[in-house]
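Start counting the sequence shown at 1; every next residue gets the next number (this note's numbering).
Virtual Cβ for every residue (Gly too), placed ideally from N, Cα, C.
What you are looking at is a predicted structure, and each value in this text was computed from that prediction instead of being measured.
Below you'll find the structure, written out as C-alpha cells, and then a few comments.
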Amino acid sequence: MRNKAGGICMALGLLLLTGAIALTGYNLWDEKRADEVVLETVQALRAETPDLEVLDPEGELIPNYILDPDREMPVIEIDGRDYVGYVEIPQLELSLPVMESWSYPNLKIAPCRYEGSVYHNDMVIAAHNYTKHFGGLRNLMIGDEVRFTDGDGNVFTYEVSSLEQLQPTQVKEMCESGWDLTLFTCTLSGRQRMTVRCTLVSEEIAS
C-alpha cells in the first residue's frame, strides 16, 4: 500500500513539475512574441506620425490640442490595431507603442491607455510586467525622464515624481490622482500594482 501511495505521489509531483516547466516556457514565448510586436509597431508609428500643426498670425506653431481643448487623441492604425502614440523611458532603454484602449488581450500585445489624455494631463498607461514592457518600473528613480509622443508628433516630457504600490481595487486612486502621467503594472507577485507618477516638464510641438 505504501509503495503504491509513494508511486502516486511521485507521479503527481512529476506532473506538477512538467506543468510548471510548460507554463514557464509559454510565458517566455509569449513575452518574446510581445517584444517583437512592440519593436515593429514603434518603428511603424515613427514612420507614420503626421504633421498636422498650423501657424498663428505671428507665425508661431499652435498644437491642435490647444486649438481644440476637447480634442480626442489622434489614433494611428497599425496592423488592424489602434495606437495613440508611444512612450519612451530612457533609463530603462524602452520605447513602447501605446494602444488606444486597454483590454486583457491588448495588454498581451503592448502597453495600453487605461484612462485619460496627455492633453488633459491625466493619462494613465498600463502594461504587463514583461521585462521589455513595464517590468522595470520598480527600478526607476525620482527625476528619471519619461517621454510620450502623440499621433501628431508632439512630444511631452515628464520626470518621475513618485513611486508607490496600490491594491488592484484602488482604481479611483490610480485614475484620479492629480498627476500629469501615471504608469503602472503588476508587481512580481501580482497582488499589487507598481505605480509611477510623473510630472510634465516640457512640450515640444511638431513642425
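N-terminal and C-terminal residue of the beta strand (DSSP E) that residue i is part of
i, result
"P97", "L94 to M99"
"Y83", "R81 to I89"
"I205", "No beta strand (DSSP E) contains I205, which DSSP labels as neither H nor E."
"M73", "Element bounds for M73: n/a, residue is neither H nor E."
"L183", "L181 to C186"
"V118", "It is not in any beta strand (DSSP E) - V118 carries neither H nor E in the DSSP assignment."
Sequence-distant residues of its chain with Cβ nearer than 8 Å to residue i (five each side left out)
i, result
"V75", "D82, Y83, V84, E100 and G151"
"E88", "L94, S95, L96, V146, R147, F148 and T149"
Residues near residue i in its chain [Cβ-Cβ closer than 6 Å; skip 5 each side]
i, result
"S162", "R197"
"T41", "I78 and P97"
"G178", "none"
"E164", "T195"
"R193", "L166 and F184"
7 Å Cβ shell around residue i - same chain, five flanking residues per side excluded
i, result
"D180", "N121, Y158, C198, T199 and L200"
"E115", "V124 and C175"
"W102", "C112, R113, Y114 and A126"
Proximity winner among the options, relative to residue i (alpha-carbon distances)
i, options, result
"T187", "E173, P168 and G178", "P168"
"E48", "Q165, T149, G178 and L166", "T149"
"T195", "A126, S202, G153 and D144", "A126"
"N106", "E88, H133 and I89", "H133"
"N154", "V124, L39, A44 and I66", "I66"
"R191", "Y86, D68, Q91 and N129", "N129"
Backbone secondary structure at residue i - three-state DSSP
i, result
"Q165", "strand"
"R197", "strand"
"M174", "helix"
"V146", "strand"
"T131", "coil"
Spatial distance of residue i from residue j (CA atoms)
i, j, result
"E204", "V118", "13 Å"
"T185", "E173", "15 Å"
"R138", "E36", "23 Å"
"N64", "R147", "19 Å"
"G136", "R46", "23 Å"
"L140", "L92", "8 Å"
"D144", "S202", "14 Å"
"L94", "Y104", "21 Å"
"K108", "Y86", "16 Å"
"R71", "F156", "16 Å"
Residue range of the alpha helix (DSSP H) that includes residue i
i, result
"S114", "First, the amino acid is wrong: residue 114 is Tyr here, not Ser. No alpha helix (DSSP H) holds Y114; the beta strand (DSSP E) holding it covers C112 to E115."
"L107", "Y104 to L107"
"L67", "N64 to L67"
Any non-hydrogen atom of the ligand PLP closer than 7 Å to residue i Cβ
i, result
"V155", "No copy of the ligand PLP appears in this structure; indeed no ligand is present at all."
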